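Trainee: Protein chains in written order, with my numbering: chain A, 1 to 124; chain B, 1 to 124.
2 protein chains.
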Amino acid sequence: MIEPNFPQGDGLVPAIVQDAETKEILMLAYMNRQSWEATLRTGRATYWSRSRRSLWVKGETSGNFQLVEAIFIDCDNDTILLQVKQIGEAACHTGYKSCFYRKLDGKDFVVVGEKIFNPKEVYK
Amino acid sequence: MIEPNFPQGDGLVPAIVQDAETKEILMLAYMNRQSWEATLRTGRATYWSRSRRSLWVKGETSGNFQLVEAIFIDCDNDTILLQVKQIGEAACHTGYKSCFYRKLDGKDFVVVGEKIFNPKEVYK
Numbered sequence: 001m002i003e004p005n006f007p008q009g010d011g012l013v014p015a016i017v018q019d020a021e022t023k024e025i026l027m028l029a030y031m032n033r034q035s036w037e038a039t040l041r042t043g044r045a046t047y048w049s050r051s052r053r054s055l056w057v058k059g060e061t062s063g064n065f066q067l068v069e070a071i072f073i074d075c076d077n078d079t080i081l082l083q084v085k086q087i088g089e090a091a092c093h094t095g096y097k098s099c100f101y102r103k104l105d106g107k108d109f110v111v112v113g114e115k116i117f118n119p120k121e122v123y124k
Numbered sequence: 001m002i003e004p005n006f007p008q009g010d011g012l013v014p015a016i017v018q019d020a021e022t023k024e025i026l027m028l029a030y031m032n033r034q035s036w037e038a039t040l041r042t043g044r045a046t047y048w049s050r051s052r053r054s055l056w057v058k059g060e061t062s063g064n065f066q067l068v069e070a071i072f073i074d075c076d077n078d079t080i081l082l083q084v085k086q087i088g089e090a091a092c093h094t095g096y097k098s099c100f101y102r103k104l105d106g107k108d109f110v111v112v113g114e115k116i117f118n119p120k121e122v123y124k
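Here's what the structure looks like:
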């Protein structure tokens with residue numbers, strides 16, 4: 001059975017998160033085996049927070065869960081792609097729809113993303 | 001000036017590669033500062049090959065270059081998103097259009113991707 005190669009990446013593999021409908025890239029997060037199994041079991045995207053060093057059910061604080069619609073794996077089994085339905089329309093803790101809300105324009109990045117919520121009102 | 005946080009990831013940041021037109025995810029690769037600067041300078045996606053430990057101009061062997069149309073950075077400055085025009089229609093060294101050619105179906109992954117070329121004919 002094919003499964004993500006967790007040992008190679010010190011227990012973690014990156015997961016690209018894509019809006020299932022619009023194909024927009026929402027974020028990149030990391031999964032360990034525990035979060036991978038939780039994602040499969042619950043259908044809600046669950047990651048490993050490298051900064052907090054804990055399991056992270058995306059949306060547990062904000063309510064902006066990610067309902068998993070499809071899962072792909074890459075040729076080397078070391079990256080996962082999740083296609084999700086993003087509850088609340090925003091994936092980024094800054095309130096933008098996508099974490100990739102800044103685009104390179106000449107020599108610097110400029111904000112081009114759509115802001116959905118005010119993080120001060122969501123994370124209290 | 002905002003730039004990718006190379007020191008945090010031991011000199012590397014992941015780069016998600018997306019077809020600029022179809023929004024399909026083609027692959028995930030890694031960049032160090034040298035490959036980042038080469039990408040900006042040449043307009044051709046250039047990565048750091050972790051297995052070969054060398055600079056890797058995507059397409060240098062196959063001819064399947066990636067012409068960079070847009071570059072985004074995420075909220076933490078630790079992931080890059082490249083939107084590219086994929087020359088030759090295929091990004092994956094296996095001959096599939098995307099490295100994510102296998103989808104989870106029940107308990108295992110099954111091939112759903114489109115095969116564009118025979119790798120034995122391309123990599124001689």
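Using N, Cα and C, we set each Cβ at its ideal position, and we do this for glycine too.
Quick caveat, the model's predicted, so the values are computed rather than measured.
What separation, rounded to the nearest whole angstrom, lies between the Cα atoms of LYS120 of chain A and GLY59 of chain A?
Mentor: 15 Å
Trainee: Could you list which residues in chain B have their beta carbon closer than 7 Å to that of ILE25 of chain A, in chain order?
Mentor: ILE16, GLN18 and LEU81
Trainee: Going by the DSSP bridge assignment, what does SER54 of chain A pair with across the sheet?
Mentor: A:SER49
Trainee: Answer with buried or exposed for ILE2 of chain B, where buried requires no fewer than 16 other C-beta atoms within 10 angstroms of its C-beta.
Mentor: exposed
Trainee: Could you tell me whether the Cβ of ASP10 of chain A comes closer than 8 Å to any Cβ of chain E?
Mentor: In the structure shown, chain E cannot be found, because the protein chains are A and B.
Trainee: Indicate the three-state DSSP secondary structure (helix, strand or coil) for ALA38 of chain B in the structure shown.
Mentor: Residue state, collapsed to three classes: helix.
Trainee: If LEU55 of chain A and TRP48 of chain A are in contact, beta carbons under 8 Å, what's the gap, nearest whole angstrom?
Mentor: 7 Å
Trainee: Using a C-beta cutoff of 8 Å, does ALA45 of chain B count as contacting chain A?
Mentor: Not a single CB atom of chain A sits nearer than 8 Å to the CB of ALA45 of chain B.
Trainee: For the structure I just gave you, are there three or more beta carbon pairs, one from the segment 86 to 95 of chain A and one from the segment 68 to 77 of chain A, closer than 8 Å?
Mentor: no
Trainee: So, helix, strand or coil for PRO4 of chain A, using DSSP?
Mentor: coil
Trainee: Can you name the residues of chain B whose CB is closer than 7 Å to the CB of LEU55 of chain A?
Mentor: Residues of chain B passing the Cβ test: none, with the nearest at roughly 19 Å.
Trainee: If the cut-off is 9 Å on Cβ atoms, which residues from the segment 86 to 113 of chain B count as contacting chain A, listed in chain order?
Mentor: CYS92, HIS93, THR94, TYR96, SER98, CYS99, PHE100, TYR101, ARG102, LYS103, LEU104, LYS107, ASP108, PHE109, VAL112 and GLY113
Trainee: Just reading off the alpha helix (DSSP H) that GLU121 of chain A is part of, what are its end residues?
Mentor: 119 to 122
Trainee: Cβ closer than 7 Å: which chain A residues qualify as neighbours of MET31 of chain B?
Mentor: Per Cβ cutoff of 7 Å: no residues; MET31 of chain B is ~13 Å from chain A at best.
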